[in-house]
Amino acid sequence: QVQLVESGGGLVQPGGSLRLSCAASGIIFNSHIGSWFRQAPGKEREWVAQIQSTGVTNYVDSVKGRFTISRDNAKNTVYLQMNNLKPEDTAVYYCNALVGGLNAYWGQGTQVTVSS
Numbered sequence: 008q009v010q011l012v013e014s015g016g017g018l019v020q021p022g023g024s025l026r027l028s029c030a031a032s033g034i035i036f037n038s039h040i041g042s043w044f045r046q047a048p049g050k051e052r053e054w055v056a057q058i059q060s061t062g063v064t065n066y067v068d069s070v071k072g073r074f075t076i077s078r079d080n081a082k083n084t085v086y087l088q089m090n091n092l093k094p095e096d097t098a099v100y101y102c103n104a105l106v107g108g109l110n111a112y113w114g115q116g117t118q119v120t121v122s123s
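For the sequence shown, the tail end lands on 123 under the working numbering, and the numbers increase by one without skipping.
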């Protein structure tokens, strides 16, 4: 049974930083693609960042230079370091694991609110 558990969300002022964590069980994260998505109120869920099994990373243009996705293989955990946060980054952030290129698993989501 695959389970993804996110943590690290919260309230932060503009320009601040947060680090999200996604701990996996039931899969070995470094064998699959790990991603972060987000969904703001009234908007569709959007892809934010991805780390492939090779370690190659990709980002949506709006977060390039501010967010960094990484992976700790020993902890079987994927992280999203978010710096210089903006109000438009406010959303529920979801961890995703794509297993075998076919099966997608989701975490429960963690709220990030950027406000003064």
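From the three backbone atoms N, C-alpha and C, an ideal C-beta is built for every residue, glycine too.
With 16 other Cβ atoms within 10 Å as the buried cut-off, status of residue i
i, result
"Glu-51", "exposed"
Beta bridge counterpart(s) of residue i as assigned by DSSP
i, result
"Gly-41", "Ile-58 and Ala-104"
"Ala-30", "Val-12 and Thr-84"
"Ile-76", "Leu-87"
"Gln-118", "Val-99"
"Ile-19", "The sequence shown places Val at residue 19, rather than the Ile named in the question. Bridge partners of Val-19: Val-121."
"Ala-111", "Leu-105"
"Leu-25", "Met-89"
C-beta contact flag for residue i and residue j at 9 Å
i, j, result
"Gly-41", "Ala-104", "yes"
Nearest-angstrom beta carbon gap, residue j and residue i [assumed within contact, 8 Å]
i, j, result
"Cys-29", "Glu-53", "In fact, because the Cβ distance is near 17 Å, the residues do not count as touching under 8 Å."
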